[in-house]
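Chains A and B, in that order, give the protein sequences. Oh and the first sequence: position 185 is 185 in the working numbering, straight run, nothing missing. In the working numbering, each residue's number is its place in the second sequence (first place is 1) plus 1000. Think of the CB as a built atom: it goes at the ideal place given N, C-alpha and C, for glycine as much as any other residue.
Protein chains: 2
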Amino acid sequence: MKEKIEEQFLKLKDTSELMIDLAYSALLYDNKEIAKEVLELEGVVDKLNYKIQRAAFSLSLEDQNVNKALAMIRLAYSIEAIADAAMEIADVVLRDIEPHPIFKMSVMDSDVIIAKTPVKKSSYLANKTLGQSHLMTETGMWVIAVNRGKTWIYGPDENTKIKSGDVLFARGPREGEKEFLKLTKGK
Amino acid sequence: MKEKIEEQFLKLKDTSELMIDLAYSALLYDNKEIAKEVLELEGVVDKLNYKIQRAAFSLSLEDQNVNKALAMIRLAYSIEAIADAAMEIADVVLRDIEPHPIFKMSVMDSDVIIAKTPVKKSSYLANKTLGQSHLMTETGMWVIAVNRGKTWIYGPDENTKIKSGDVLFARGPREGEKEFLKLTKGK
């Protein structure tokens, strides 16, 4: 039981953070597919929160500590609130209300940017998993979505293999972008 | 005017993201000082949101586009909701309700972790600015707070100089942590 709730908390946190990154990506690149995924993920978060609440009750019976259980429920709600905010951001994209260009300009000016780029045949990344590529530790860029033709991989992990032709959406420091773009083109 | 609102949006987004990272740091390391800073930053976010709302109105008069202005106001509210969620997480720390250890365990298990470590005299980072150290592009780790004796620097930038004895809180990929810890000790 403990192991399971631990996994659920982890998934809740990771999903909420992915949703924020995806929501900003959808906004920056006017991408409704990504925005729809944010809405899908909200459903996942909702179910996780429910499971955590139930598990918190079971734990409180086990160790006779109501306060700890209530703190967990509260944390789960707070994290779900982050997911909800991401959904609202994505909703702006789905409603076809283009926000003032100033918003995009300001996000593009951030120290943390979201890059979008295709992977060339000659790319160092082609046919490597994200783990093998050491992309994050080499450039600081974190791939949040991979678009392969009509399919999408959201929140890829170290085992996700990158292929030439993939379009990568990645979040990271402005100074890491140049190196990242180089790697998607060649060595 | 346009430039100013752009800066405010940027600051709103960056501050809300910093607040999330700080809130999790406060939780992981039972640190009330960091938790208090999250509450302080909520005040900053609140003021920024108000300014953006007023600016959105002015812009709508300039370009006669109410929809764009409303979308901006909506976005600013969504981003403030992220900040509010961070505040709730920090509040758990301030209320001295220690959540179930399972929560910490799950955050520590994430692909994205928050490390805390002192900078040794022999460290490669000592007496370098964060920009000079290329820490983010070399390890993927992003410094979110610096604790120097009784003072704190939250959300340091590339011009922040790291000194030996500083305690760094940094967010990044699990695989980047080892390299980061090495750099805080020596070359």
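Given this structure, state the Cα-to-Cα distance separating residue i from residue j, to the nearest angstrom.
{"i": "B/VAL1093", "j": "A/ALA126", "result": "44 Å"}
{"i": "B/ILE1153", "j": "B/GLU1179", "result": "23 Å"}
{"i": "B/SER1110", "j": "A/LEU12", "result": "11 Å"}
{"i": "A/SER58", "j": "B/VAL1107", "result": "21 Å"}
{"i": "A/GLU158", "j": "B/ALA1085", "result": "29 Å"}
{"i": "A/MET72", "j": "B/LEU1061", "result": "47 Å"}
{"i": "A/THR151", "j": "B/LYS1047", "result": "42 Å"}
{"i": "A/VAL66", "j": "B/GLY1043", "result": "32 Å"}
{"i": "A/LYS163", "j": "A/ILE34", "result": "20 Å"}
{"i": "A/PRO118", "j": "A/GLY172", "result": "17 Å"}
{"i": "A/PRO101", "j": "B/LYS1120", "result": "45 Å"}
{"i": "A/LYS182", "j": "B/GLY1165", "result": "37 Å"}
{"i": "B/LEU1075", "j": "B/ASN1049", "result": "10 Å"}
{"i": "B/ILE1114", "j": "A/LYS116", "result": "26 Å"}
{"i": "A/LEU70", "j": "B/PHE1169", "result": "28 Å"}
{"i": "B/PHE1009", "j": "B/VAL1045", "result": "10 Å"}
{"i": "B/ILE1082", "j": "B/LEU1135", "result": "27 Å"}
{"i": "A/GLU80", "j": "B/SER1122", "result": "43 Å"}
{"i": "B/VAL1146", "j": "B/LYS1187", "result": "20 Å"}
{"i": "A/ARG148", "j": "B/MET1141", "result": "29 Å"}
{"i": "B/LYS1068", "j": "A/LYS36", "result": "21 Å"}
{"i": "A/MET105", "j": "A/ASP63", "result": "51 Å"}
{"i": "B/ASP1096", "j": "A/VAL143", "result": "36 Å"}
{"i": "A/PHE103", "j": "B/LEU1041", "result": "21 Å"}
{"i": "B/VAL1195", "j": "A/LYS32", "result": "The structure shown does not extend to residue 1195 of chain B, since chain B is modelled only from 1001 through 1187, so no value can be given for it."}
{"i": "A/GLU17", "j": "B/SER1078", "result": "14 Å"}
{"i": "A/LEU28", "j": "B/LEU1028", "result": "32 Å"}
{"i": "B/THR1137", "j": "A/THR137", "result": "7 Å"}
With DSSP as the reference, identify every bridge partner of residue i, one or two as the case may be.
{"i": "B/ARG1148", "result": "B/THR1151"}
{"i": "B/SER1057", "result": "Per the sequence shown, the amino acid found at residue 1057 of chain B is Phe instead of Ser. B/PHE1057 pairs with nothing; no bridge assigned."}
{"i": "A/ARG74", "result": "DSSP, once it has assigned bridges, lists no residue as partnering A/ARG74."}
{"i": "A/PRO118", "result": "A/VAL167"}
{"i": "B/PRO1173", "result": "B/VAL1112"}
{"i": "A/ILE82", "result": "Partner(s): none; A/ILE82 has no beta bridge."}
{"i": "A/THR129", "result": "A/LYS161"}
{"i": "B/LEU1143", "result": "One detail in the question is off: residue 1143 of chain B reads as Val in this sequence, not Leu. DSSP, once it has assigned bridges, lists B/ALA1170 as partnering B/VAL1143."}
Cutting at 7 Å between CB atoms, please list the residues of its own chain near residue i, excluding the five before and the five after it.
{"i": "B/VAL1038", "result": "MET1019, LEU1022, ALA1023, ALA1026, ALA1086, MET1087, ALA1090"}
{"i": "A/GLY131", "result": "GLU158, ASN159"}
{"i": "A/LYS185", "result": "LYS120, SER122, SER123"}
{"i": "B/ARG1174", "result": "ASP1111, ILE1113"}
Which residues in the same chain have their Cβ closer than 8 Å to the Cβ of residue i, if we skip the five residues on either side of it in sequence?
{"i": "A/LYS4", "result": "ALA55"}
{"i": "B/ASP1014", "result": "GLY1155"}
{"i": "A/LYS128", "result": "LYS161, ILE162"}
{"i": "B/ASP1030", "result": "VAL1093, GLU1098"}
{"i": "A/ILE52", "result": "ILE5, GLN8, PHE9, LEU12, MET72, ILE73, ALA76"}
By Cβ distance below 6 Å, which residues in the same chain neighbour residue i in space, the five residues on each side in sequence not counted?
{"i": "B/ILE1139", "result": "It should be pointed out that residue 1139 of chain B corresponds to Thr in this sequence rather than to Ile. The answer, listed in chain order, is GLY1176, GLU1179, PHE1180."}
{"i": "B/SER1133", "result": "LEU1125"}
Please tell me whether residue i has its Cβ less than 8 Å away from any Cβ of chain D.
{"i": "A/ARG74", "result": "Of the protein chains in this structure, namely A and B, none is chain D."}
For the segment 1098-1111 of chain B, list every residue whose C-beta sits within 8 Å of some C-beta in chain A, in sequence order.
GLU1098, PRO1099, HIS1100, ILE1102, PHE1103, MET1105, SER1106, VAL1107, ASP1109, SER1110, ASP1111
Compile a chain-ordered list of the residues in the segment 1142-1175 of chain B whose CB is closer than 9 Å to at least one CB of chain A.
Against chain A - using a Cβ distance shorter than 9 Å - the residues of the segment 1142-1175 of chain B are TRP1142, ASP1157, GLU1158, GLY1172, PRO1173, GLU1175.
Members of the segment 1119-1137 of chain B that neighbour chain A once the beta carbon cut-off is set at 7 Å:
Under the 7 Å Cβ criterion, the segment 1119-1137 of chain B contributes MET1136, THR1137.
Taking a cut of 7 Å between CB atoms, which residues from the segment 1029-1048 of chain B lie near chain A?
none
For the segment 9-28 of chain A, which residues have a beta carbon sitting closer than 9 Å to at least one beta carbon of chain B?
PHE9, LEU10, LYS11, LEU12, LYS13, ASP14, SER16, GLU17, ILE20, ALA23, TYR24, LEU27
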